[in-house]
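Taken in sequence, the protein lines are chains W and P. Heads up, the first sequence is in the numbering used here, so the first residue is 5 and it goes up one at a time. Heads up, the second sequence is in the numbering used here, so the first residue is 5 and it goes up one at a time.
Number of protein chains: 2
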Amino acid sequence: MLKTLRVPSAAIVLLAATSLPAAPADDIKQPTGYRQWFHVNTMIVDKASPLFDQLGGMHNVYVNAKGLAGLKKGGPYPDGSVFATDLHEYTVSDGSYVEGARKALATMVKDSKKYASTGGWGFQLWGGGDPKKPLVTDATKQCFECHQPQKAQDYVYSTYLP
Amino acid sequence: MLKTLRVPSAAIVLLAATSLPAAPADDIKQPTGYRQWFHVNTMIVDKASPLFDQLGGMHNVYVNAKGLAGLKKGGPYPDGSVFATDLHEYTVSDGSYVEGARKALATMVKDSKKYASTGGWGFQLWGGGDPKKPLVTDATKQCFECHQPQKAQDYVYSTYLP
Chain W
5 MLKTLRVPSA
15 AIVLLAATSL
25 PAAPADDIKQ
35 PTGYRQWFHV
45 NTMIVDKASP
55 LFDQLGGMHN
65 VYVNAKGLAG
75 LKKGGPYPDG
85 SVFATDLHEY
95 TVSDGSYVEG
105 ARKALATMVK
115 DSKKYASTGG
125 WGFQLWGGGD
135 PKKPLVTDAT
145 KQCFECHQPQ
155 KAQDYVYSTY
165 LP
Chain P
5 MLKTLRVPSA
15 AIVLLAATSL
25 PAAPADDIKQ
35 PTGYRQWFHV
45 NTMIVDKASP
55 LFDQLGGMHN
65 VYVNAKGLAG
75 LKKGGPYPDG
85 SVFATDLHEY
95 TVSDGSYVEG
105 ARKALATMVK
115 DSKKYASTGG
125 WGFQLWGGGD
135 PKKPLVTDAT
145 KQCFECHQPQ
155 KAQDYVYSTY
165 LP
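Rendered as structure tokens:
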């Protein structure tokens with residue numbers, strides 16, 4: 005279980021590029037109502053992480069009803085499944101890591117035809133959660149390459165925690 | 005907002021006793037279905053915290069529908085409001101704090117008459133989430149004393165994060 009969470013569910017990891025074709029990401033709409041979705045898990049990425057610059061903060065991961073059915077099975081996920089990672093700042097006081105303001109919102113949207121080149125998933129990340137600030141311009145390089153090792157779980161890192 | 009979260013929402017802080025009368029806690033039933041409730045916030049308490057022995061771990065706080073209405077207003081909470089704190093172990097790897105197995109389950113249940121002596125809230129904590137292992141024997145000393153400073157928010161520390 006632990007291994008499956010080492011990289012965030014909606015990972016936006018800006019790692020080295022490969023020769024995969026670029027996939028458009030600018031057509032992804034922000035999920036709405038995700039604060040009422042199933043809370044999948046939470047992870048904190050702090051300064052000791054090589055991912056801190058891109059991913060530092062508290063990651064609260066949610067999934068919609070269609071996606072929850074897939075999560076419980078460990079994949080595959082039906083079209084219409086959506087994950088949202090609500091990334092928040094946090095403060096540390098006397099050993100307590102406390103959730104702060106929203107830093108970004110990330111999503112994975114399953115549409116097996118539309119996003120066939122990236123495992124059937126569309127990816128996007130918005131700075132500050134602002135729909136006018138999409139930050140992913142090449143989902144293959146910025147997102148999918150890091151999800152490829154999770155092919156057996158339909159490219160999702162999170163597992164179901166009852 | 006940060007200040008309101010420094011002590012866990014379902015705090016089970018074993019601090020010094022006062023002269024308040026003891027309140028029974030052994031009649032509280034475990035909440036069911038809380039993993040489908042609204043995710044209020046998450047907090048990590050680590051070894052640097054004076055609360056670590058009692059409260060160390062990742063606190064995922066949930067509230068039921070009745071309680072969510074109260075949370076959005078900042079209190080008061082109607083009878084039937086229930087908070088659940090799903091306390092998990094966590095591991096740290098390369099700067100990522102990752103959720104692990106369940107360590108305990110805590111709850112606050114609002115019944116203004118039944119629990120009048122503890123601000124209208126009943127409190128309980130179960131080791132390992134096991135309904136056969138209730139750990140609170142005196143809700144006044146073990147729970148309510150730490151919640152008293154939050155009277156203005158109906159004794160709840162958490163605030164609503166949209």
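From the three backbone atoms N, C-alpha and C, an ideal C-beta is built for every residue, glycine too.
Item	Value
Interface residues of chain W facing residue 52 of chain P [CB-CB closer than 9 Å]	96, 98, 99 and 100
Residues from the stretch 127–160 of chain W in contact with chain P, defined by Cβ distance under 9 Å	none
Counterpart residues of residue 103 of chain P in DSSP-defined beta bridges	P/94
Min CB distance residue 32 of chain W to chain P below 8 Å	no
For residue 70 of chain W, three-class secondary structure by DSSP	helix
Cβ contact (3+ pairs, closer than 8 Å) linking the stretch 64–74 of chain W and the stretch 138–153 of chain W	no
Buried/exposed call for residue 158 of chain P, threshold 16 Cβ in 10 Å	buried
Chain-ordered neighbours of residue 68 of chain P on chain W, where CB pairs are closer than 7 Å	Neighbours of residue 68 of chain P on chain W: none; closest Cβ ~13 Å, over 7 Å.
Chain-order list of residues whose beta-carbon lies under 6 Å from that of residue 111 of chain P (same chain, five-residue window excluded)	35, 88 and 128
C-alpha gap between residue 104 of chain W and residue 65 of chain W, whole angstroms	15 Å
Residue 144 of chain P, DSSP secondary structure in three states	helix
Residue 46 of chain P at chain W interface by Cβ criterion, 8 Å	yes
Residue 107 of chain P beta carbon less than 8 Å from that of residue 91 of chain P	yes
Contact between the stretch 48–56 of chain P and the stretch 78–85 of chain P (3+ Cβ pairs under 8 Å)	no
Start and end residues, alpha helix (DSSP H) containing residue 58 of chain W	56–59
Any chain W beta carbon closer than 8 Å to residue 86 of chain P	no
Residue 153 of chain P in three-state terms, based on DSSP	helix
Beta carbon proximity, residue 112 of chain P to chain W, threshold 8 Å	no
Residue from P/93, P/37 and P/45 with nearest C-alpha to residue 161 of chain P	P/45
Close-in-space but distant-in-sequence residues of the same chain around residue 60 of chain W (CB under 6 Å, 5 per side omitted)	49
Beta-ladder partner(s) of residue 214 of chain P, from DSSP	No answer is possible for residue 214 of chain P: the residues shown for chain P start at 5 and end at 166.
Residue 97 of chain W classed as buried or exposed, judged by whether at least 16 other C-beta atoms fall within 10 angstroms	exposed
As assigned by DSSP and simplified to three states, the class of residue 46 of chain W	strand
Residues that residue 166 of chain W contacts on chain P, provided the C-beta gap is smaller than 8 Å	39
Straight-line Cα distance separating residue 78 of chain W from residue 33 of chain P	31 Å
From P/109, P/51, P/93 and P/62, residue whose alpha carbon lies closest to that of residue 136 of chain P	P/109
Pair within 8 Å by beta-carbon distance, residue 125 of chain P and residue 139 of chain P	no
Pairwise C-alpha distance: residue 63 of chain P and residue 41 of chain W	18 Å
Check: residue 147 of chain W C-beta below 7 Å from any heavy atom of the ligand NAP	Here there are no bound small molecules, and the ligand NAP is not part of this structure.
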